[in-house]
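Report on one structure; see the data block that follows.
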Amino acid sequence: MAASPSSPEQNDFREYARRWLQENAPPPPPERLPMSPLEIMTVGQRNYLQDWQGQCHAAGLIGCDYPQSYGGGGHTNFQPIANQELGHARVPFMINIVGLSMAAPTILKHGSEEQKRRFIPGALSGGEIWCQGFSEPGAGSDMANQQTMAVAEGDNWIVNGHKVWTTLGHFARWMILIARTSRHHKYDGLTYFLAPIAGHPGVTVRPLVKMTGESGFNEVLFEDAVIPDSHRLDDIGKGWAVAMTTLTYERGAAESAGGTGGQSSDPAQGLIELARETQRNGLCAAADPVTRDALMQRVIAMEGLRQSARRARVPGLCDHPMRLPLQQKLLSSENHQANARLGVEIAGAASTLYKLDPNAPRQGYWPLSYMASYGNTIAAGTNEIQRNILGERVLGLAKSK
Amino acid sequence: MAASPSSPEQNDFREYARRWLQENAPPPPPERLPMSPLEIMTVGQRNYLQDWQGQCHAAGLIGCDYPQSYGGGGHTNFQPIANQELGHARVPFMINIVGLSMAAPTILKHGSEEQKRRFIPGALSGGEIWCQGFSEPGAGSDMANQQTMAVAEGDNWIVNGHKVWTTLGHFARWMILIARTSRHHKYDGLTYFLAPIAGHPGVTVRPLVKMTGESGFNEVLFEDAVIPDSHRLDDIGKGWAVAMTTLTYERGAAESAGGTGGQSSDPAQGLIELARETQRNGLCAAADPVTRDALMQRVIAMEGLRQSARRARVPGLCDHPMRLPLQQKLLSSENHQANARLGVEIAGAASTLYKLDPNAPRQGYWPLSYMASYGNTIAAGTNEIQRNILGERVLGLAKSK
Amino acid sequence: MTSEDRAPVDFGFGEEEEMLRDLARKFLDERIPVETLRQLVAPSPVPVYEQGEPPAWDRSVWEDLVELGWAGLAVEEKEGGAGVSMVGIAALVEEVGRHALPSPLLACLACSLVLRSADSEVARRRLGQIAQGTPAALAITPGDGSWEPERSDIQARRVAGELTLDGTAHFVQDALKADFFVVTARLNDKLLLCTLPADAPGLSVEQNHIHDLTRDQATLRFRQVRVSPSSVVTDDGAEVLRRAWPSLLVLASADLCGSSEWQLQATVEYAKNRKQFDRPLGFFQAVKHPLVNAMVEIDRARSLLYHAASCIDAASVEAEKASRMAKSAASDAGAFISDRSVQLHGGIGFTWESDVHIFFKRSLHGQVLWGDGIHHRKKLAEILIDRDG
Amino acid sequence: MTSEDRAPVDFGFGEEEEMLRDLARKFLDERIPVETLRQLVAPSPVPVYEQGEPPAWDRSVWEDLVELGWAGLAVEEKEGGAGVSMVGIAALVEEVGRHALPSPLLACLACSLVLRSADSEVARRRLGQIAQGTPAALAITPGDGSWEPERSDIQARRVAGELTLDGTAHFVQDALKADFFVVTARLNDKLLLCTLPADAPGLSVEQNHIHDLTRDQATLRFRQVRVSPSSVVTDDGAEVLRRAWPSLLVLASADLCGSSEWQLQATVEYAKNRKQFDRPLGFFQAVKHPLVNAMVEIDRARSLLYHAASCIDAASVEAEKASRMAKSAASDAGAFISDRSVQLHGGIGFTWESDVHIFFKRSLHGQVLWGDGIHHRKKLAEILIDRDG
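Protein chains in written order, with this note's numbering: chain A, 8 to 408; chain B, 8 to 408; chain C, 90 to 478; chain D, 90 to 478.
What follows is the structure, encoded as structure tokens:
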């Protein structure tokens, strides 16, 4: 009953990953990189990051736990190790966030053999960038209220509709798309597609500007766009269930599903560093007990999230199979927000400074990250809706709608 | 436009009140007094407190702002001064809390001349103790869902029903009672009565025990109890509106409506004293910055409540006439709870001790007060319902029911 | 915990104050409704955020404000101002915050309140200029993250009867709109308070890039800047600022209360009109209850604001405590409604097109200005716990 | 922030641990369902609260637990125990908390974990006694509000080869159920760790009046109490307690996680069945969302709990940090669900008749036991900020 340490293979892999990252750290970017994949605005940024993900994939640090036939490494539980090392190495993040954390795991679970072979390798290597088409302007938080229609015509689907919040849409080759294939059933009338975007006839991508002044997300219009039936994922009418898989893997679970490692892997450490560098009324913020307590609350919340992701994989310690997975989106987004908010508070007067100001702490990361964090607490089902889902599906309480 | 100080009359009155309280502080009680009127259990406690309220009333410190014809002092804005001085003097509280803070102001607003002359003097002097009959076992938070029926029979009403949460019911001469006089209208089917309790045929009072192990509240059963129509307050079917008056005056507004002064008038000061006396890991809790921040949050919340009561009387600074009054119940109960909770946290290990333990800080006030505080956040419309009311009546949001 | 003996029960908010406030609301509603504001300060993120242009403001609005006498609100009548009570100023500044007005008004009020507490000939002359519409800004903040005005990163030296300043003033609010600055500098063991024209030789005004689109902020660098004797307000600047400090906190709190109320009402309107799951958003308690909580926090801050202002008017010793309470409550209320205003607006609240972010950023700036909630609670604890009230 | 290199991915929670936990749940469900518990500890408030009787416990349940080997869970097999991993113990103690079991079990586990880390002959003898069912309790807490075990208010003196104790041990948990105590005392500049029978001459056990109906607590007064050489465990008690400390925090956290989960589920059941405004309570987001928030907090605490336990099993240097995180999270989760469980039960939750208060009080006691959330965050900050992890 003694604790079993990591396997020798895992130890070797960690050693390998660490060495590789030391030896292959990328050159400085040609232009300033954004905080996260959500704000990639220029082709220069894209090329640089796409190249870096490709190298990591080729080195076996991304997709480690996917089968080799789909471009993966064929290992088990290597990805969390790779992610830890990517985090420690403070290298750039992976650009293909939607591909890695949403598309690939969903296709692995619901796709046909052909679909897996066609789509997963490009998602892992970053060669094909993915975006997500779950949100619509009229749908609000009610994700099941999709109005984008897909009508069957021979072996094709004719798609018309309007998607918003489309992160990376301006660079995307593919979109994971939920569309309505029947008006008669709210949930059972939805079907999931792997929709072509870049250069596809009938598809228009328009950038939107966030409250931070940055772009990176878009609206996407479908006007009689043709999608072959071979790009349908799982059965007609199963779109809601497939989308639930996607949302389950998003973020937290991404740890085991492709890796989004990079510089922001330990925000609590970043906050502690900020506090060490910041003077508040002539004293170091890291010496202020009220700030220290707030920092430790953040440390505990972040560690709790990591340990919950670990516990989610131990069935004997989970009363309800969806109890932890369904918390991930809620908690990762609110933790991110709370971390950033604390960063703003610690930075104090200097939090007023925008990233171009030379005195902005960490290039203005904290206030920008704080504002950007609302993207995550709002998109893909607001956190209010996430709480409904948890209350209803896990606790069994009556529906609030 | 310079600030006008208190009037000379008010200054004189403050001086008088202070001196009277110095010279007339009551003797030590014959037995341990409870924390508040909500836990008065014995006849000895009642007699002592009733006597004290009578003296204060006779001295002109209670009911100062009521007309003399109803047993009051006939002044304006003397009561807040009396309450401040009662608070500073740390004398016992007023026993007739329901009479002072709910019954008297409601009767003053809605009663006939006869009713005012009959009922207000006894409420002010404490000679006639009042209880409240707004809550029923099946009604939950839905106060309009009253099931107690009053049926007209000649000049009388025949009342049948079951009231709970009846603080002081076991000593009460009168109850402010809402009963249903029509099944056809939910709100307009309610009527407000001044119901005889002690010794009245058809009325049974049964004590209930709270989670603290203390009694002081009751259930009251009406079985064909006869109430003369002269004890009806305002019109038939106006019960809901009258009850809203009662709830508006409850607590916070009580400051201007009769006074419930006494030892707990400045809980924030009590918390600071507790922190000064408490060691945490060998250090004074009052020197711990995290505790200090929490204490100041409480100080600010309490001062905010006092200043809001003041602002509520300046129409030019109130956008909506009910915006501040409707917050009083919510805020006073939640402040009380948060204060008590902080007291528990500061007391630390010693918070485990019950009031009979000789080492319990301040006779176990904080944990007992914390548990008792749920009475206020639950009774008379849970605070969840209070938030609905504020959202709907003040902000104009859609009804949540 | 406080005594109200000296301050009037109605905070001294009388007819005159109410009329002033109502006029302000009407004027600002007409001249800078939110659509106008958005077109003015946020037509596109590029000019301010990428090209570093100063945030826009409407000089014609400012000229009309001066005409209305607002620049001299805190200047005594005998110096050419309106001599309005602090309670009246608080009420007017609430309206300024509610409209997120970009203007030198708050900086002018702040300077007036500091100069007024100095009671010197130089101060009176400057007060007269402000009342006539000459914009001024306060340059009193050091770079160590302290908002308390006891320190300065500027060194004054007196050499051969000539006074010169060297050093830096940080976080100077609305500096780019100012014609002159009110500056503190260390002079031996005293704190010198003086005024300097914005174009004084040796003084450079470096614009900060900031998030807030409705103010500007700058770093002022002093290199052997000469101060003429007629510009020295006092060498007891520490005491002058200590006396004026509560009123600066009242200004900042009032601005926050106003912007918070706008955020609350805008979000309430959205929750009334927007439907989800076939019901208005406001039906859902996850929307309704946070809005009620925000209202409660805003009301707490407003009540403490008027209490603080009335304590200042009554020259009460409670003023410092009351103003720290007000700023702590106003900062926290601002943070809470800012958060919920974006979240409950959903996707639209997160976009540049929405008005919400303009107020979000003004509030975020205001929450920290002159010290955030934690800071003021810390100072309050020193009074209430260590000095026993 | 932590390294998991040495601890297994599945926390080492294997079949054996799962079987132990499931058996525990079944046994406790049968022997002490909540109705039985209420009749046992809360038939009326009078005996415990007014007459000061010790809270009741069921000795026959305890005898059966001993029979099942629970008393020796933390005792190595070679000393007659079951030698279960800390992860297994955490899982079992969660069940104990979920049933609010009144028994000497937690005190016995705590004593075992301390004695086990001492590795002396005396310790081994005592461990064997505990495994056989002799109840013991830890008397290591001074009166200054400190839960950290470095200090003691008991002075040991060695006079003519004879060791005697004078002083007081405070907040001794389940002391009235114990046959012997594990005691710390100052001896010169060392911390002596010894054991003493509950009826040792000169030792008086003064029951505390406490709120919790499912434990007892006492103050132990020592007046020239003689300690025989065969009772001295070690004179390096400070180091022994430092090593055992994370495991004591795991016990307290596990008990809190269990009681919190009971409170959550009981409130969820109530919200499913109780109707208001013609809908089940749980329809309302003001009920649903706080319950979800409680679930999230409980899950955070549970995940940190098993992380801490697995770090102890792996003898990882992370154990101290992990256990302080677990206790902080478990205390805060306990406070939150305790609050909501009473509030959302409405009137009935506030009465003595309800089961809710029994768990509320056990949780309130547990939140502070061995240090509350603020305390452990303070200690954690010393590691992560001052010592850099």
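The beta-carbon is built from N, C-alpha and C at its ideal position, and this holds for glycine as well.
- Between A/Leu338 and D/Val357, the C-beta gap is not smaller than 8 Å, which leaves the two residues out of contact.
- Around the beta carbon of C/Lys416, 16 or more other beta carbons lie within 10 angstroms, which makes this residue buried.
- Here DSSP, grouped into helix, strand and coil, assigns B/Ser119 to coil.
- Interface residue (Cβ-Cβ distance to chain D less than 8 Å): B/Gly355 is classified as such.
- Distance from the CA of A/Leu404 to the CA of A/Met378, rounded to the nearest whole angstrom, comes to 33 Å.
- Taking a Cβ-Cβ cut-off of 8 Å, the neighbours of A/Ser142 in chain C comprise Gly436, given in sequence order.
- Residue B/Arg125 holds the alpha-carbon nearest to the alpha-carbon of B/Ser76 among B/Phe85, B/Arg125, B/Thr285.
- In this structure the region 244-251 of chain D does not lie against the region 347-361 of chain D, because fewer than three pairs of beta carbons, one per stretch, are closer than 8 Å.
- If you draw a 10 Å sphere on the C-beta of D/Pro132, you find fewer than 16 other C-beta atoms in it, and that means exposed.
- By the C-beta density criterion, A/Ser376 is buried, having at least 16 other C-beta atoms within 10 angstroms.
- Any Cβ of chain C closer than 8 Å to the Cβ of B/Gly80 would place that residue at the interface, and such an atom is absent.
- Chain A has a Cβ within less than 8 Å of the Cβ of B/Asp300.
- Between C/Ala375 and chain A, the shortest Cβ-Cβ separation is below 8 Å.
- Assignment of beta-bridge partners to D/Ala226 by DSSP yields D/Phe270.
- Only Val171, Trp172 from the region 153-187 of chain B bring a Cβ to less than 9 Å from some Cβ of chain D.
- Interface with chain D (8 Å Cβ-Cβ cutoff): C/His454 is excluded.
- Counting only Cβ-Cβ distances below 7 Å, D/Pro134 has contacts in chain B at Val216, Gly220, in chain order.
- Close to D/Ile299, with beta-carbon spacing below 8 Å, are these residues of chain B in chain order: Thr359, Leu360, Tyr361, Asp364.
- For C/Leu345, the enclosing alpha helix (DSSP H) has its first and last residue at 326-362.
- Taking CB atoms only, D/His378 has a neighbour in chain C less than 8 Å away.
- At a Cβ-Cβ threshold of 8 Å, C/Arg205 and C/Ala163 count as neighbours.
- For D/Lys279, the uninterrupted beta strand (DSSP E) segment begins and ends at 279-286.
- One thing to note: B/Gln122 has its Cβ no nearer than 8 Å to the Cβ of B/Leu254.
- C/Leu345 and A/Gly355 have their C-alpha atoms spaced approximately 17 Å apart.
- Distance between B/Pro128 and C/Gly177, taken at the CA atoms: about 42 Å.
- Ranked by Cα distance from C/Cys200, the options C/His454, C/Asp99, C/Leu330 are led by C/Leu330.
- Apart from the 5 residues on each side of it in sequence, D/Val137 sits with its Cβ closer than 7 Å to the Cβ of Pro144, Leu302 in its chain, given in chain order.
- Here D/His434 has Tyr359, Val445 as same chain residues with Cβ atoms under 6 Å from its own Cβ, once five neighbours each way along the sequence are excluded.
- Here D/Gly161 is buried. Its C-beta has 16 or more other C-beta atoms within 10 Å.
- Contact note: B/Arg394 reaches chain D through Ala375, using a C-beta cutoff of 8 Å and chain order.
- With fewer than 16 other Cβ atoms inside 10 Å of its own Cβ, B/Arg39 counts as exposed.
- Taking a C-beta distance under 8 Å as the contact criterion, B/Ser315 and C/Asp325 do not qualify as a contact pair.
- C/Ile299 and A/Leu360 do touch by the CB rule: their CB atoms are close to 6 Å apart, below 8 Å.
- When 8 Å is used as the limit between beta carbons, C/Ile474 is near these residues of chain B: Ile279, Ala282, Arg283, Ala293, Arg299, Leu302, in chain order.
- Look at D/Lys377 here: in three-state DSSP terms it is helix.
- In this structure, the alpha-carbon of B/Thr174 lies about 30 Å from that of D/Asn297.
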